[in-house]
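Note that our numbering has the sequence shown beginning at 61, numbered continuously upward. Virtual Cβ for every residue (Gly too), placed ideally from N, Cα, C.
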Amino acid sequence: MLGEWLGRYVYILVDPNDGIPFYVGRGIGDRVAQHGDDATKWADTDEPAGPKIDKIREIRRRGDEPDIVIVRRQIRTQAECNAVEAALIDLLFTFPVTSRAPVTPIGGSHQLTNLVRGQGSDFGLETLSTLVNDLLAPPLTTSEPLLIIALGPWTDQPEAAPGGVDRPGWGWKTDWAHHPDLDQLGDSVRCWWSRLNDHNVHRRNVRHVVATYRGITRGLFEILDDTWEYRDEPDARTRGGFQVRPVTNGALWDDVVGLRGHRLPDKRRGDQSTYRYWPYRT
Numbered sequence: 061m062l063g064e065w066l067g068r069y070v071y072i073l074v075d076p077n078d079g080i081p082f083y084v085g086r087g088i089g090d091r092v093a094q095h096g097d098d099a100t101k102w103a104d105t106d107e108p109a110g111p112k113i114d115k116i117r118e119i120r121r122r123g124d125e126p127d128i129v130i131v132r133r134q135i136r137t138q139a140e141c142n143a144v145e146a147a148l149i150d151l152l153f154t155f156p157v158t159s160r161a162p163v164t165p166i167g168g169s170h171q172l173t174n175l176v177r178g179q180g181s182d183f184g185l186e187t188l189s190t191l192v193n194d195l196l197a198p199p200l201t202t203s204e205p206l207l208i209i210a211l212g213p214w215t216d217q218p219e220a221a222p223g224g225v226d227r228p229g230w231g232w233k234t235d236w237a238h239h240p241d242l243d244q245l246g247d248s249v250r251c252w253w254s255r256l257n258d259h260n261v262h263r264r265n266v267r268h269v270v271a272t273y274r275g276i277t278r279g280l281f282e283i284l285d286d287t288w289e290y291r292d293e294p295d296a297r298t299r300g301g302f303q304v305r306p307v308t309n310g311a312l313w314d315d316v317v318g319l320r321g322h323r324l325p326d327k328r329r330g331d332q333s334t335y336r337y338w339p340y341r342t
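Now the structure itself:
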């Protein structure tokens, strides 16, 4: 199941002691586990086994395991996979990487002036352990009416938000894992959504909004009545927003988020909507 979810992928092995990558590889299926199996064969010897295995053996003798970071998954062709692998090797052979541990994917954004990660980031860099945790998330089955907001990668761009405050940006930060900053996550889901208004939300008896990323629920928030605000955009669209209160426990939180998050059904082909109402229409 994991292999099917990963598809073709490119990965790096990272020393958890300093956060520095020491190997770039590509694979399909469960190839990423092979390195540990190979290293185990050499664990009790001092015989050289090649730089990669020697490094894994060194890390294990410290009582650690290498961090496995999936850089890109679901790559369509082998040629594209080879190109991503080669580009990463060239990059890491050329530019220095400073020590930074523990590793938090996309956590070193201050090094670059890019505001966003670019296209295809939904299949982008993430630790294997986080991807496995997401894969094990149970399906969302609650009958409670919900407003579902699908977030993209974090955009670092301050702007005004409902309630007379500014938000620092919006989206999902990969270093949050399953312990997000609830203030920033709440700011991300509460504005500004095209054609979203209090009339449609109330008509569906929706009282809560859910933050999702890559099809997994990440946070639950109560929509506060009488806090709706609207702004007109240059494209003549009206965008709505509101204030929220985080929900972090209770029966509804267990059913919607819980310890692992819950997995949403796949969107229909061509569905690019940012928000939807739950339960989905079948």
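CA-CA distance, R132 to Y69, rounds to 5 Å. Counting along the chain, no alpha helix (DSSP H) covers W252, and no H or E run does either.
Counting C-beta atoms within 10 angstroms of its own C-beta, G300 has 16 or more neighbours from the protein chains shown and is therefore classed as buried. D285 carries a coil assignment under DSSP once its states are collapsed to helix, strand and coil.
Around A220, the same chain offers D226 as residues with beta carbons nearer than 7 Å, after the five sequence neighbours per side are excluded. CA-to-CA, the gap between G279 and P218 works out to about 21 Å. If you check the CB distance, E140 and R86 do not come in under 7 Å. In this model, R160 and E282 are separated by some 37 Å (Cα to Cα).
Assigned with DSSP and collapsed to three states, T154 falls in helix.
Using a C-beta cut-off of 8 Å, the stretch 62 to 81 makes contact with the stretch 144 to 158, since at least three inter-stretch Cβ pairs fall below that distance.
In the DSSP annotation of this structure, the continuous segment of the beta strand (DSSP E) that includes R305 starts and ends at V304 to V307. Annotation for T287: P222, G223, F302 and Q303 place their beta carbon closer than 7 Å to its own, counting only its chain and skipping 5 residues before and after.
Annotated three-state conformation of T234 is helix, per DSSP. Scanning its chain for C-beta atoms nearer than 8 Å, with the 5 sequence neighbours on each side dropped, one finds around Y71 the residues V84, G85, R86, G87, V92, I128, V129, I130, V131 and L188, in chain order. Under the three-state reduction of DSSP output, V266 falls in the coil class, being neither helix nor strand. When the beta-carbon positions are compared, L319 and L200 stay at least 7 Å from each other.
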